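Engineer:
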Amino acid sequence: KVGYEPLPPTLGRNIFGRQVYQLPGLFAYAKHIVKVDGRAGLFKGLTPRLCSGAIGTIVHGKVLQLGPSKKEPVSSLEQVLKETSREMVARSAATLITHPFHVITLRCMVQFIGRETKYSGTLSAFTTIYREEGILGFFAGLIPRLLGDILSLWLCNMLAYLINTYALENGGCRARRGLRARGFEGAFCPSQVSTMAEMKSYSQAVTGFFASMLTYPFVLVSNLMAINNCGLAGGLLPYAPTYSSWLDCWSQLHKEGNMSRGNSLFFRKVPTGKRYVWE
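Counting from 1, position 172 in the sequence shown corresponds to residue 476 in our numbering; the numbering is continuous, with no gaps.
1) Any chance the stretch 358 to 370 sits against the stretch 308 to 316, with 3 or more Cβ pairs inside 8 Å?
2) Quick check on the burial criterion: 16 or more other C-beta atoms within 10 angstroms. Buried or exposed for Pro542?
3) In whole angstroms, what separates the C-alpha of Leu518 from that of Gly425?
4) Does the distance between the C-beta of Ser424 and the nearest non-hydrogen atom of the ligand GDP fall short of 7 Å?
5) Reducing DSSP to helix, strand and coil, say where Glu309 ends up.
6) Grab the span of the alpha helix (DSSP H) containing Arg411 for me, first residue to last.
7) For the beta strand (DSSP E) holding Thr314, just list the boundary residues, first then last.
8) Give the range of the beta strand (DSSP E) segment to which Val324 is assigned.
9) Hey, how far is the Cα of Trp458 from the Cα of Thr399?
10) Helix or strand or just coil, what does DSSP make of Arg449?
11) Which first and last residues belong to the alpha helix (DSSP H) in which Met529 is found?
12) For the alpha helix (DSSP H) containing Cys534, name the first residue and the last one.
13) Measuring straight from C-alpha to C-alpha, what distance separates Pro328 and Tyr308?
14) From the DSSP output, in three-state form, read off Lys573 for me.
15) Within the chosen definition, does the stretch 447 to 454 reach the stretch 386 to 403 through at least 3 CB pairs nearer than 8 Å?
16) How far does the alpha helix (DSSP H) with Pro372 in it extend, from its first residue to its last?
17) Is it buried or exposed, Ile362, if we count other Cβ atoms within 10 angstroms and call 16 or more buried?
18) If you drop the 5 nearest sequence neighbours on each side, which residues of the same chain put their C-beta closer than 6 Å to that of Asn532?
19) Apart from the five residues just before and just after Thr351, which ones in its own chain have a Cβ nearer than 7 Å to its Cβ?
20) In angstroms with no decimal places, state the Cα-to-Cα distance between Ile467 and Ala444.
21) Give the range of the alpha helix (DSSP H) segment to which Ala332 is assigned.
22) Measure the Cβ-Cβ separation of Val574 and Tyr333 and say whether it is below 8 Å.
23) If you draw a straight line from the alpha carbon of Gly535 to that of Arg411, how long is it in whole angstroms?
24) Could you please give the first and the last residue of the uninterrupted alpha helix (DSSP H) stretch that includes Arg435?
25) Give the straight-line distance between the Cα atoms of Ala344 and Val338, rounded to the nearest whole angstrom.
26) Where Thr409 and Lys348 are concerned, what is the direct C-alpha to C-alpha distance, given to the nearest angstrom?
27) Please report the straight-line C-alpha distance between Trp554 and Pro310, rounded to a whole angstrom.
Structural data, given as structure tokens:
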């Protein structure tokens, strides 16, 4: 995501059989990291990442418990809006509390580029960031991350609601009316109800994937801002310019055509006009 490509592209074929230059994928880079740093290199940043996950889960659950425990009888759409709003507050609180760990995780991993050891431990990393950047250093890249999470959540839930309400439920109602018209009053069996529930769960997964694709640029900008001008080689030229704000970062990535950089682990084609740095 930071534009660092230690391995050159290779000539391969896409799914249509055309020859294209492809960047190395997940397994190629895993082998490269093991070759340079050993297997321990694959787990850089793991400790702050685990801390972030554990604390985020606790905060998320505690915030959800603050809401009303009784569910009032409301319309389906109103229920979705209320539940999404509660989830948004809970996720935002968890993201806000755990973002310092997210920043440290990224910087620990990005040290691989310049072979630095500046962020060697979680506690020492907190001291380093506070000494060099102050409190604001712990929240570098927070705004685009929050915006991406919120947009992704609302897109996912509203798209799932529209699909479940106007595609699945209406389709089921038309099927039941058709069966009743033919004299099969009790033909809509429990297995069909179970199938409908399964389809609704699948729609949630599909809309979640679609929403994450649309909001990926926010993830990219947030990660770049978290390491921007922090004293590591990965946050400086030639790998990344110094951005004045996350909007400046967004604007430059958009001009370069790099808004989707790093969004795929495999089949990473080298598009025309995009800029990467190879060793």
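Where a beta carbon is used, it is the ideal one built from N, C-alpha and C, also for glycine. Computed from a predicted structure; not experimentally measured.
Structural biologist: The structure says:
1) With a cut-off of 8 Å, the stretch 308 to 316 and the stretch 358 to 370 do not count as touching, because too few Cβ pairs lie within range.
2) For the purposes of this step, residue 542 is identified with residue 238 of the sequence shown, where counting begins at 1. Around the beta carbon of Pro542, a 10 Å sphere encloses fewer than 16 other beta carbons of the protein chains shown; the residue is thus reported as exposed.
3) Indexing the sequence shown from 1 puts residue 518 at position 214. Indexing the sequence shown from 1 puts residue 425 at position 121. A straight-line Cα-Cα distance of about 34 Å links Leu518 and Gly425.
4) Because no ligand of any kind appears in the structure shown, any question about the ligand GDP cannot be addressed here.
5) Counting from 1 along the sequence shown, the entry for residue 309 is found at position 5. The DSSP-derived three-state label of Glu309 is strand.
6) Numbered from its first residue, the sequence shown carries residue 411 at position 107. Where Arg411 is concerned, the enclosing alpha helix (DSSP H) stretches over Ser380 to Gly418.
7) By 1-based counting over the sequence shown, the position of residue 314 is 10. In the DSSP assignment, Thr314 falls within the beta strand (DSSP E) that extends over Thr314 to Arg317.
8) Along the sequence shown, one-based indexing puts residue 324 at 20. Gln323 to Leu327 is the extent of the beta strand (DSSP E) around Val324.
9) Here residue 458 refers to the residue found at position 154 of the sequence shown. Here residue 399 refers to the residue found at position 95 of the sequence shown. In this structure, the alpha-carbon of Trp458 lies about 16 Å from that of Thr399.
10) Taking the sequence shown and counting its residues from 1, one reaches residue 449 at position 145. Note: Arg449 maps to helix in three-state DSSP.
11) Residue mapping note: residue 529 aligns to position 225 of the sequence shown, counting from 1. Segment Tyr520 to Ile531, the alpha helix (DSSP H) holding Met529.
12) As a position in the sequence shown, residue 534 is number 230, starting the count at 1. For Cys534, there is no enclosing alpha helix (DSSP H), as DSSP marks it with neither H nor E.
13) The residue labelled residue 328 in the question sits at position 24 within the sequence shown. The residue labelled residue 308 in the question sits at position 4 within the sequence shown. Looking at the two C-alpha atoms, the distance is approximately 12 Å.
14) Reading the sequence shown from its first residue, position 269 is the one you call residue 573. Assignment of Lys573 by DSSP, reduced to helix, strand and coil, places it in the strand class.
15) The stretch 447 to 454 and the stretch 386 to 403 touch, with no fewer than 3 CB-CB distances between them shorter than 8 Å.
16) Along the sequence shown, read from residue 1 onward, the residue named residue 372 stands at position 68. Here Pro372 belongs to no alpha helix (DSSP H), and DSSP marks it neither H nor E.
17) Position 58 of the sequence shown, counting from 1, holds the residue named residue 362. A residue is called buried once 16 or more other Cβ atoms fall within 10 Å of its Cβ, and Ile362, having fewer, is exposed.
18) Residue numbering aside, residue 532 sits at position 228 when the sequence shown is read from its first letter. Result list for Asn532: Gly539 and Tyr547, in chain order.
19) The residue you call residue 351 lines up with position 47 of the sequence shown. These residues qualify, in order along the chain: Thr426.
20) Mapped onto the sequence shown, residue 467 falls at position 163. Mapped onto the sequence shown, residue 444 falls at position 140. Put simply, the backbone Cα of Ile467 is about 37 Å away from that of Ala444.
21) For the purposes of this step, residue 332 is identified with residue 28 of the sequence shown, where counting begins at 1. Per DSSP, Ala332 belongs to the alpha helix (DSSP H) from Leu330 to Asp341.
22) Working through the sequence shown from its first residue, we reach residue 574 at position 270. Working through the sequence shown from its first residue, we reach residue 333 at position 29. No, they are not a contact pair.
23) Taking the first residue of the sequence shown as 1, we reach residue 535 at position 231. Taking the first residue of the sequence shown as 1, we reach residue 411 at position 107. Their Cα atoms are separated by approximately 10 Å.
24) The residue labelled residue 435 in the question sits at position 131 within the sequence shown. Residue range Thr426 to Glu437 is occupied by the alpha helix (DSSP H) that includes Arg435.
25) By one-based count along the sequence shown, residue 344 stands at place 40. By one-based count along the sequence shown, residue 338 stands at place 34. Answer to the nearest angstrom: the Cα atoms are 8 Å apart.
26) By 1-based counting over the sequence shown, the position of residue 409 is 105. By 1-based counting over the sequence shown, the position of residue 348 is 44. Straight across, the Cα-Cα distance linking Thr409 with Lys348 is about 8 Å.
27) Along the sequence shown, read from residue 1 onward, the residue named residue 554 stands at position 250. Along the sequence shown, read from residue 1 onward, the residue named residue 310 stands at position 6. Rounded to whole angstroms, Trp554 and Pro310 show a C-alpha spacing of 24 Å.
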